[in-house]
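Taking it in order: structure first as structure tokens, then the write-up.
Number of protein chains: 2
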Amino acid sequence: MAARLSEPQPLLALVEALRRLPGVGERTASRMAYHLLQHDLQGAQHLGRALSEAVSRLRHCDQCNSFTEATLCGTCQHPERDSSLLCIVETPADQNSIEATHGYSGLYYVLMGRLAPLEGMGPAELDFDRALARATNGFVKEVILATSFTAEGETTAHYLSEALRSKGLKVTRLARGVPAGSELEYVDAGTVAWALMERKPT
Amino acid sequence: MAARLSEPQPLLALVEALRRLPGVGERTASRMAYHLLQHDLQGAQHLGRALSEAVSRLRHCDQCNSFTEATLCGTCQHPERDSSLLCIVETPADQNSIEATHGYSGLYYVLMGRLAPLEGMGPAELDFDRALARATNGFVKEVILATSFTAEGETTAHYLSEALRSKGLKVTRLARGVPAGSELEYVDAGTVAWALMERKPT
Ligand SMILES: [Zn+2]
Ligand SMILES: [Zn+2]
Numbered sequence: 023m024a025a026r027l028s029e030p031q032p033l034l035a036l037v038e039a040l041r042r043l044p045g046v047g048e049r050t051a052s053r054m055a056y057h058l059l060q061h062d063l064q065g066a067q068h069l070g071r072a073l074s075e076a077v078s079r080l081r082h083c084d085q086c087n088s089f090t091e092a093t094l095c096g097t098c099q100h101p102e103r104d105s106s107l108l109c110i111v112e113t114p115a116d117q118n119s120i121e122a123t124h125g126y127s128g129l130y131y132v133l134m135g136r137l138a139p140l141e142g143m144g145p146a147e148l149d150f151d152r153a154l155a156r157a158t159n160g161f162v163k164e165v166i167l168a169t170s171f172t173a174e175g176e177t178t179a180h181y182l183s184e185a186l187r188s189k190g191l192k193v194t195r196l197a198r199g200v201p202a203g204s205e206l207e208y209v210d211a212g213t214v215a216w217a218l219m220e221r222k223p224t
Numbered sequence: 023m024a025a026r027l028s029e030p031q032p033l034l035a036l037v038e039a040l041r042r043l044p045g046v047g048e049r050t051a052s053r054m055a056y057h058l059l060q061h062d063l064q065g066a067q068h069l070g071r072a073l074s075e076a077v078s079r080l081r082h083c084d085q086c087n088s089f090t091e092a093t094l095c096g097t098c099q100h101p102e103r104d105s106s107l108l109c110i111v112e113t114p115a116d117q118n119s120i121e122a123t124h125g126y127s128g129l130y131y132v133l134m135g136r137l138a139p140l141e142g143m144g145p146a147e148l149d150f151d152r153a154l155a156r157a158t159n160g161f162v163k164e165v166i167l168a169t170s171f172t173a174e175g176e177t178t179a180h181y182l183s184e185a186l187r188s189k190g191l192k193v194t195r196l197a198r199g200v201p202a203g204s205e206l207e208y209v210d211a212g213t214v215a216w217a218l219m220e221r222k223p224t
């Protein structure tokens, strides 16, 4: 990257601040800053306000750990949710994916991450004790582990599964297999191998 | 993308605002918002402030169109710059690349974009009249076109070249060729073809 020989301080400061976004390097941050300043001043102001609003107004739900403005989020407050089912997900986006199926009526716990020892994310950083306390509140009968099917997600699920089963809870995991609508030819070998092992009578 | 069934309004607003950044879709915006709120609240506040500072303090240099806090930027104000040379670039980042060579002592004009008719960027949107007025101020003897070597950058250079030469100015373009330090095997065919056509006696 070329040295910034002549750029004004507020521009340098904006580029630095944008670099703190995940996945944004110096070149991308510069491009973003130029774009906002040149073509979308309103967008820049808008984003500035949205950031301070979000920081000041959002907190974690006392029960599920997702983001909320109140003490309890809308899902946790909902009277028709089945409190005997608890689905553990990594992020609010994963919760949305499950909600979008309209096939789940239980409650959630959002870890806000997954075990990643190399990045310093261990059970303490993710506050697993709080997740376990939530699952062992006496109402939950089954915990569905819906962490990602990646190495880190699997490790997270394994760790939680051990801890939860030792407390006598029923623990399940989302099924793995060939995605709906896919042609076998284009599915990765690991997925096909799993689907073969987990084959079901028709 | 799953429907956001239960997310609080400040989070939705932040995701929407982040989507206005170039190259950021809904999924990336969500990931950025979760990251800031979960792991970098300070970064979120910092970015919010940097945005309002930049919007309120930065303006375009009266002479070269780059970003500056004063009427004229540091480069334009510099007493030792050669005002008979004018280099036209697309962005301040491109200007930095040329400054980093320490091989150019003239002045700049920053277009803040390039011709891209499909995106609605024509000569009027880029205010080419202002660039031409700058180049024909009576002091400039040579205009170096340093727009990108992409289809859009070439079109921009071609357009400006025609207009500037019709005003009797000497117009040059950065040389194309094989980049320093590259092995021919790994250079794209178009570049090699150019380098061959533009071959020089040794
Ligand atoms: Zn909740
Ligand atoms: Zn200037």
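Chains as they are written, first to last, in the numbering used here: chain A, 23 to 224; chain B, 23 to 224. Glycine included, every Cβ here is placed at the ideal spot set by N, Cα and C. Here the structure is a predicted model, which is why all the values come from computation and not from measurement.
- Query: If we cut at 9 Å on Cβ distances, does residue 74 of chain A have a partner in chain B?
  - Reply: Start at 1 with the first residue of the first sequence, and residue 74 of chain A comes out as number 52. Output row for residue 74 of chain A: interface = yes.
- Item | Cα-Cα separation, residue 167 of chain A to residue 56 of chain B | In the first sequence, counting from the first residue as 1, residue 167 of chain A sits at position 145. In the second sequence, counting from the first residue as 1, residue 56 of chain B sits at position 34. Computed Cα separation, rounded: 20 Å.
- Start-end ranges of the alpha helix (DSSP H) lying completely within the stretch 88-135 of chain B, minimum 4 residues: For the stretch 88-135 of chain B, whole alpha helix (DSSP H) runs of length 4 or above, ordered along the chain, are 96-99, 114-121.
- Message: Just to confirm the assignment, what range does the alpha helix (DSSP H) spanning residue 195 of chain B have?
- Response: On the second sequence, position 173 is the one that residue 195 of chain B refers to. Counting along the chain, residue 195 of chain B sits inside no alpha helix (DSSP H); it lies in the beta strand (DSSP E) bounded by residues 192-195.
- Item | Helix, strand or coil at residue 168 of chain B according to DSSP, with G and I counted as helix | Translated into the one-based positions of the second sequence, residue 168 of chain B becomes position 146. Coil at residue 168 of chain B, not helix or strand.
- So, is residue 25 of chain A buried or exposed, given that buried needs 16 or more other C-beta atoms within 10 angstroms? Residue mapping note: residue 25 of chain A aligns to position 3 of the first sequence, counting from 1. Reliability fails at residue 25 of chain A, whose pLDDT of 40 lies under 50, so the model's placement of it is uncertain and the value that follows must be treated cautiously. Around the beta-carbon of residue 25 of chain A, fewer than 16 other beta-carbon atoms lie within 10 Å, marking it exposed.
- Message: Just to make sure I have the definition right: I need the residues of chain B whose C-beta is within less than 8 Å of the C-beta of residue 62 of chain A. Which are they?
- Response: Within the first sequence, numbered from 1, the residue matching residue 62 of chain A stands at position 40. Against residue 62 of chain A, the close residues of chain B are 42, in the order they occur along the chain (beta-carbon pairs closer than 8 Å).
- Item | Where residue 53 of chain B meets chain A, residues with beta-carbon distance less than 7 Å | Against the second sequence, residue 53 of chain B aligns to sequence position 31. Within chain A, the residues near residue 53 of chain B are 44.
- residue 148 of chain B and residue 129 of chain B closer than 9 Å at C-beta: Residue mapping note: residue 148 of chain B aligns to position 126 of the second sequence, counting from 1. Residue mapping note: residue 129 of chain B aligns to position 107 of the second sequence, counting from 1. No; because the gap between Cβ atoms is not below 9 Å, this pair is not in contact.
- In angstroms, rounded to a whole number, what distance separates the CA positions of residue 74 of chain B and residue 44 of chain A? To locate residue 74 of chain B, count along the second sequence from 1; it is residue 52. To locate residue 44 of chain A, count along the first sequence from 1; it is residue 22. Residue 44 of chain A has its alpha-carbon roughly 21 Å from the corresponding atom of residue 74 of chain B.
- Query: Within the 9 Å Cβ cut-off, does residue 56 of chain A reach chain B?
  - Reply: Residue mapping note: residue 56 of chain A aligns to position 34 of the first sequence, counting from 1. Cβ-Cβ to chain B under 9 Å: yes for residue 56 of chain A.
- Quick one: is the Cβ of residue 60 of chain B within less than 8 Å of any heavy atom of ligand 2? Within the second sequence, the letter at position 38 stands for residue 60 of chain B. Exclusion of residue 60 of chain B from the 8 Å shell around ligand 2 follows from its C-beta lying no nearer than that to any non-hydrogen atom of the ligand.
- Determine the DSSP secondary structure at residue 146 of chain B, reduced to helix, strand or coil. Residue mapping note: residue 146 of chain B aligns to position 124 of the second sequence, counting from 1. Note: residue 146 of chain B maps to coil in three-state DSSP.
- Message: Could you check whether residue 193 of chain B and residue 200 of chain B sit closer than 9 Å to each other, using their CB atoms as the reference points?
- Response: Locating residue 200 of chain B in the second sequence gives position 178, where the first residue counts as 1. Locating residue 193 of chain B in the second sequence gives position 171, where the first residue counts as 1. Not closer than 9 Å, so no.
- Determine whether the Cβ of residue 226 of chain B lies closer than 9 Å to any Cβ atom of chain A. A query on residue 226 of chain B cannot be resolved here, the shown segment of chain B reaching from 23 to 224 and no further.
- Query: Does ligand 1 have even one heavy atom less than 8 Å from the beta-carbon of residue 40 of chain A?
  - Reply: Start at 1 with the first residue of the first sequence, and residue 40 of chain A comes out as number 18. For ligand 1, no non-hydrogen atom lies closer than 8 Å to the CB of residue 40 of chain A.
- Helix or strand or just coil, what does DSSP make of residue 81 of chain A? The residue labelled residue 81 of chain A in the question sits at position 59 within the first sequence. Residue 81 of chain A sits in a strand when the DSSP states are folded into three classes.
- Query: Relative to ligand 1, is the shortest distance from any of its heavy atoms to the C-beta of residue 85 of chain A smaller than 8 Å?
  - Reply: Walking along the first sequence from the start, residue 85 of chain A turns up at place 63. Because some heavy atom of ligand 1 lies under 8 Å away, the Cβ of residue 85 of chain A counts as near it: yes.
- Query: From B:198, B:82, B:202, pick the residue whose C-alpha is nearest to that of residue 217 of chain B; which is it?
  - Reply: Taking the second sequence and counting its residues from 1, the one referred to as residue 217 of chain B is at position 195. Ranking B:198, B:82, B:202 by CA distance to the CA of residue 217 of chain B puts B:198 first.
- Message: Between the alpha carbons of residue 177 of chain A and residue 51 of chain B, how many angstroms are there, rounded?
- Response: Within the first sequence, numbered from 1, the residue matching residue 177 of chain A stands at position 155. Within the second sequence, numbered from 1, the residue matching residue 51 of chain B stands at position 29. One C-alpha to the other measures close to 26 Å.
- Query: Expressed to the nearest angstrom, what Euclidean distance is found between the alpha-carbon atoms of residue 145 of chain A and residue 67 of chain A?
  - Reply: The count along the first sequence starts at 1 and reaches residue 145 of chain A at position 123. The count along the first sequence starts at 1 and reaches residue 67 of chain A at position 45. Cα-Cα distance, rounded: 38 Å.
- Taking 9 Å as the CB-CB limit, is residue 195 of chain B close to chain A? Within the second sequence, the letter at position 173 stands for residue 195 of chain B. With a threshold of 9 Å between beta carbons, residue 195 of chain B makes no contact with chain A.
- Query: According to the neighbour-count rule (16 or more other Cβ atoms, all chains shown, within 10 Å of its Cβ), is residue 160 of chain B buried or exposed?
  - Reply: Locating residue 160 of chain B in the second sequence gives position 138, counting from the first residue. When all chains shown are included, residue 160 of chain B counts as exposed.
- residue 72 of chain A, DSSP secondary structure in three states: One-based indexing of the first sequence puts residue 72 of chain A at position 50. The answer is helix: DSSP assigns residue 72 of chain A an H, G or I state.
- chain C within 9 Å of residue 176 of chain B, Cβ atoms only: This model lacks chain C altogether; the protein chains it does include are A and B.
- For residue 202 of chain A, the three-state DSSP class (helix, strand or coil): Along the first sequence, read from residue 1 onward, the residue named residue 202 of chain A stands at position 180. Of the three classes helix, strand and coil, the one that applies to residue 202 of chain A here is coil, per DSSP.
- chain B within 9 Å of residue 172 of chain A, Cβ atoms only: Reading the first sequence from its first residue, position 150 is the one you call residue 172 of chain A. Not one chain B Cβ lies under 9 Å of residue 172 of chain A.
- Task: Flag residue 94 of chain A as yes when its Cβ comes closer than 8 Å to any non-hydrogen atom of ligand 1, and as no otherwise.
- Result: By one-based count along the first sequence, residue 94 of chain A stands at place 72. For ligand 1, at least one heavy atom lies less than 8 Å from the Cβ of residue 94 of chain A.
- Item | For residue 88 of chain B and residue 114 of chain B, believed in contact at Cβ under 8 Å, the rounded distance | Locating residue 114 of chain B in the second sequence gives position 92, where the first residue counts as 1. Locating residue 88 of chain B in the second sequence gives position 66, where the first residue counts as 1. About 5 Å; that satisfies the 8 Å criterion.
- Which same chain residues, not among the five before or five after residue 158 of chain B, have their C-beta less than 6 Å away from its C-beta? The residue labelled residue 158 of chain B in the question sits at position 136 within the second sequence. Excluding positions up to five away in sequence, the list reads 189.
- Message: Given a cut-off of 9 Å on the beta-carbon distance, is the pair residue 76 of chain A and residue 69 of chain B in contact?
- Response: Your numbering for residue 76 of chain A matches position 54 in the first sequence. Your numbering for residue 69 of chain B matches position 47 in the second sequence. Contact annotation: residue 76 of chain A and residue 69 of chain B have beta-carbon atoms that are not nearer than 9 Å.
- Interface partners of residue 65 of chain B on chain A, CB under 9 Å: The sequence position of residue 65 of chain B within the second sequence is 43, counting from 1. Simply 39, 42, 43.
- Query: By a C-beta neighbour count over all protein chains shown, 10 Å radius and 16 as the cutoff for buried, is residue 202 of chain A buried or exposed?
  - Reply: Here the question's residue 202 of chain A lines up with position 180 in the first sequence. Answer is exposed; the Cβ neighbour count stays below 16.
- Query: Would you report the Cα separation of residue 35 of chain B and residue 72 of chain A, rounded to the nearest angstrom?
  - Reply: Looking up residue 35 of chain B in the second sequence gives position 13. Looking up residue 72 of chain A in the first sequence gives position 50. Straight-line Cα distance between these residues: approximately 6 Å.
- Message: So if I threshold CB-CB distances at 8 Å, which residues from the stretch 131-153 of chain B count as touching chain A?
- Response: Residues are counted here when their Cβ sits less than 8 Å from a Cβ of chain A; for the stretch 131-153 of chain B these are 134, 135, given in chain order.
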